[in-house]
Amino acid sequence: MGLRGTVQVPGDKSMTHRAFLFGGIAEGTTRVRNALEGADCLASLEAMQALGAQIDRTPEEIRITGTDTFQEATIDCGNSGTTIRLLSGILAGGQAAYALDGDASLRRRPMKRITEPLALFGANITGETAPLHITGTPLVGTTYTLPVASAQVKSAMLLAGLHATGETTVIEPVLSRDHTERMLPQFGVDVTIDEREDGRHIRVQGPVRLHATSLDIPGDPSSAAFWWTAAAIGQDSRITTTHVLMNPTRIGFLQTLRQMGASVEINHRSEDGGEETADVTVETTSLQAITVEGDQIPSLIDEIPLLALLATQAEGRTIIRDAEELRVKETDRIETVVTALQRLGANIEATDDGMIIEGPTSLQAAEVDSAGDHRLAMMLTIAATINPEIMVHGREVVEVSYPTFYDDLKKLQSDQSE
Ligand code: S3P
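Numbers 61 to 478, taken from my numbering, label the letters of the sequence shown in order.
See the structure below:
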């Protein structure tokens with residue numbers, strides 16, 4: 061039996077991180093509604109509290125009263141790459157000594173991509189992996205061209221630029237998610253963006269203090285993508301996700317889904333705090349293989365585990381390339397996705413920078429493990445919606461980005477009314 065119904069997915073993870081971090085350094089009280097209260101974002105919130113910001117919760121919102129003097133702290137960033145990288149940019153210009161650490165997965169992830177460019181500002185940071193040790197020091201603005209399309213690196217640089225004297229320019233040859241550039245102006249910061257031949261030039265002038273604001277966080281398209289996939293591969297399924305963020309740097313997966321032949325309806329478009337939102341409905345259809353590569357990759361990087369699952373149900377050979385960044389996510393997602401889907405009988409193989417999937421195959425009963433990766437746990441659970449004999453272990457990690465995932469699944473399984 062397929063899945064039919066409506067889901068309001070939790071607030072966007074990338075935007076919630078930024079709301080908490082920026083609120084924590086802003087003057088005044090920032091109010092955040094519909095924040096994602098998953099473990100990753102709570103790591104950012106608790107970090108700001110440890111540094112001296114004040115946090116108050118009401119049933120409707122989280123209020124953060126910021127600070128500009130960050131007290132000495134040892135911060136556990138948990139599983140969160142966004143927390144450790146953005147916070148490094150914030151603390152490089154701080155007034156004390158800080159240690160930033162995380163879980164076993166975070167300790168394996170590359171930090172040189174931020175420590176090297178932050179050194180250009182004069183930052184004093186040691187460690188190529190977590191734990192990182194930062195001694196706050198006066199910074200001087202710089203110009204840096206991103207060697208990888210990474211919003212975390214871009215954001216760390218721009219945040220360091222806020223505390224640096226003079227101008228900071230980040231040149232981005234390939235567009236990555238742009239929430240930092242969109243949200244800083246809401247906190248009263250001037251961000252100048254020029255499209256040039258060598259890429260986007262994003263500029264801030266420091267030192268500058270942020271001013272508190274109110275934010276309403278739209279639904280996370282990376283979370284909605286689980287339901288879009290479930291609807292696309294299910295039998296006679298139709299799922300609507302409401303009030304989802306439609307930022308163009310985030311909806312590559314939705315476009316790919318359409319190109320693969322899925323039925324996608326977009327309704328109730330509106331604009332909210334500088335970001336577009338909409339309701340998205342996906343219905344079961346037959347799917348065709350596709351090649352996904354190049355500049356498309358950053359706009360769907362977190363959804364590639366789902367793209368691999370979709371491809372197992374699509375007619376033909378799907379090729380995903382230029383996605384070597386997957387190797388340095390919460391797990392090596394080329395390895396973990398390919399291994400898990402092979403266990404389910406999929407015809408999938410790993411390449412250095414992606415994967416090749418031959419479809420369609422009917423996924424077979426097997427026991428598979430999340431490998432501690434939240435997106436893998438959810439992708440495999442969606443696979444289990446088309447074969448209930450698939451058993452997924454290590455399911456609790458969904459807590460990182462989508463704590464109510466299994467509740468929403470249950471609701472869809474019992475809600476056959478639409
Ligand atoms: C994020 C950026 C992306 C993404 C991650 C969240 C962000 O990582 O994969 O889940 O909020 O800036 P990179 O910047 O490392 O590509």
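All residues carry an ideal CB built from backbone N, CA and C; glycine is no exception.
- Spanning the alpha carbons of T197 and T273 requires a straight line of approximately 28 Å.
- Per the Cβ contact rule, the segment 97-106 is not in contact with the segment 325-344 (fewer than 3 Cβ pairs under 8 Å).
- Taking C-beta atoms as the reference points, F80 and L111 fail to come closer than 8 Å.
- For L111, there is no enclosing beta strand (DSSP E); the residue is found in the alpha helix (DSSP H) stretching over 99-111.
- As computed with DSSP, G333 is found in no beta bridge at all.
- Per DSSP, T289 is one residue of the alpha helix (DSSP H) stretching across 281-293.
- Set against 7 Å, the gap from the CB of A285 to the closest heavy atom of ligand 1 is not smaller.
- At least one heavy atom of ligand 1 sits closer than 7 Å to the Cβ of S210.
- Taking each of R269, G71, R298 in turn and checking the Cα distance to M61, the smallest one comes out for R298.
- Of V428, N327, W287, L63, the smallest CA-CA separation from M306 is found for N327.
- Around the beta-carbon of R318, fewer than 16 other beta-carbon atoms lie within 10 Å, marking it exposed.
- Here S210 has R173, S236 as same chain residues with Cβ atoms under 7 Å from its own Cβ, once five neighbours each way along the sequence are excluded.
- If one requires a minimum length of 3 residues, the beta strand (DSSP E) runs lying completely within the segment 381-453 are 407-411, 414-419, 426-429, 450-453, in chain order.
- DSSP assignment within the segment 111-150 yields no whole alpha helix (DSSP H) run of 4 residues or more.
- Under the Cβ criterion (8 Å, minimum of three pairs), the segment 416-428 does not count as touching the segment 383-394.
- For R403, same chain residues with a beta-carbon under 7 Å away, outside a window of 5 residues either side, are A426, V428 in chain order.
- Taken through DSSP and simplified to helix, strand or coil, T378 comes out as strand.
- With fewer than 16 neighbouring CB atoms inside 10 Å of its own CB, H453 falls in the exposed class.
- A distance below 8 Å separates the beta carbons of L423 and N447.
- Taking P245 as the centre and dropping the five residues before and after it, the same chain places the C-beta of V251 closer than 6 Å to its C-beta, in chain order.
- Bridge pairing for V352: I380 [DSSP].
- Across the structure, T441 and E456 are spaced so that their CA atoms are roughly 12 Å apart.
- Taking C-beta atoms as the reference points, E409 and V398 count as a pair closer than 8 Å.
- A straight-line Cα-Cα distance of about 12 Å links A113 and A133.
- A216 is not a Cβ neighbour of L166, given a cutoff of 8 Å.
- Within the same chain, Cβ atoms closer than 6 Å to the Cβ of S140 are found at D100, A103, the five residues on either side in sequence being excluded.
- S359 sits buried, since 16 or more C-beta atoms from the chains shown fall within 10 Å of its C-beta.
- Membership of I85 in any beta strand (DSSP E) is not indicated; the residue belongs instead to the alpha helix (DSSP H) covering 73-85.
- Between ligand 1 and the CB of R269, the shortest heavy atom gap is not smaller than 7 Å.
- Per DSSP, reduced to three states, the secondary structure at L160 is strand.
- In its chain, beyond the 5 residues on either side, R237, P281, S359 have a beta carbon closer than 7 Å to the beta carbon of R310.
- Within 10 angstroms of the beta-carbon of S283 lie 16 or more other beta-carbons, which makes it buried.
- Cβ-Cβ separation between P170 and T195: approximately 21 Å, too far for a contact (criterion under 8 Å).
- For G259, the uninterrupted beta strand (DSSP E) run begins and ends at 259-266, by DSSP.
- DSSP places H303 inside the beta strand (DSSP E), whose first and last residues are 298-305.
- For L180, no beta strand (DSSP E) encloses it, and the DSSP letter there is neither H nor E.
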